[in-house]
Structure formats: C-alpha cells, structure tokens
Amino acid sequence: MNKITRRQALGTTAGALTVLGLTAAATSVATSAAATPATAPTPPGTVDEVYQGRRIQITAGGGGHHGGHHSPGQPTVRIDGRELHIMQNADGSWISVINHYETFTEPKLLARAAVRDLQGAPLVPFGGVA
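Here the working numbering is used: position 64 in the sequence shown is 149, and no number is missing along the way.
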C-alpha cells in the first residue's frame, strides 16, 4: 500500500507549492506552539497535541458532529478546531473523510494521517456547511 497514486502525486505537488508560500513567522509560531508544554493535564481518553504544526484534539464519548449525533462512545476529532468526520468500521478500525481507503487502529493515528494528507490546507466542514 506504499504505491503513490495520481491523486497523491498531484496533492503532493499542490502541497509543496503551498509550503513555498508560507512565511518564516508561521514556522516559528508552529515551532513555539509545539515546544510549549501543556499547562493542564488532558483527561483520560482525550488527546490535545500539536502535530506537524496542526492542533489535534480528540475527546472521548458524546460528540458534536451534526448536533451531537455521534454513536455512544464515539470520539470527536478536531484539527485546528474544525471537526474531522470519522467513522468506525465493524472490525473496530477507523476511517475519515480525508482518507477513507486506509484504515487506522485508533483515532489519534487517523488524525495524524489526515494532517499529513491535508498538507497544510484547512479542513473544510463535512457537507460544505460552514
């Protein structure tokens, strides 16, 4: 599953062009945010981390997608404050709207893969609703 697809190649090219447009100030802000330790411990079952300059937040249980219509116990995943629509498969693996052809064993790994796939682009709300 390590073969690059045409879509990935085009995405990588677009991502590289986006990176060229970033300023040094944005890099220094992301670096300082990643180096800053959390002031309060995160509750069990949650994640609050900066990964590749993007903030990933995962909260366990009763979510906020479409007004809280998550299945009981389904986590809410946010990237830079915007919700990433995720789904759990029957075998317990996870997929997202960013990459629904690859499965992940946990939402944290899924969120990190989404950050890599976004290549700096903002997460657009699911269904095109702001």
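We treat Cβ as the ideally placed atom computed from N, Cα and C, and that holds for glycine.
Residue(s) in a DSSP beta bridge with residue i
i, result
"Thr161", "Thr144"
"Leu169", "Val162"
"Gly132", "What sits at residue 132 in the sequence shown is Val, not Gly. Paired residue(s): Ile143."
"Ser181", "Ile171"
Option nearest residue i by Cα separation, candidates the options
i, options, result
"Lys88", "Glu187, Trp179, Glu191 and Leu195", "Glu187"
"Leu208", "Gln137, Arg163 and Gly138", "Arg163"
"Glu134", "His170, Lys193 and Arg201", "Lys193"
"Gln159", "Ile180, Tyr136 and Gln137", "Ile180"
"Gly146", "Gly130, Arg139 and Asn174", "Gly130"
"Ile183", "Ala175, Val200 and Gln173", "Val200"
"Asp165", "Ile171, Gly138 and Ala175", "Gly138"
"Thr161", "Ala175, Ile143, Asp176 and Ser178", "Ile143"
Outcome for residue i when other beta-carbon atoms lying within 10 angstroms are tallied against a minimum of 16
i, result
"Pro216", "The first residue shown for the chain is 86 and the last is 215, placing residue 216 beyond what the model contains."
"Ala206", "exposed"
"Arg167", "exposed"
"Thr190", "exposed"
"Ala196", "buried"
"Leu102", "Note that Leu102 has pLDDT 40, beneath the 50 cutoff, so the model's placement of it is unreliable and no number is given."
Collapsed DSSP secondary structure at residue i in the structure displayed
i, result
"Ala109", "Unreliable positioning characterises Ala109 in this predicted model, as indicated by a pLDDT of 37, which lies under 50. A coordinate reading is not provided."
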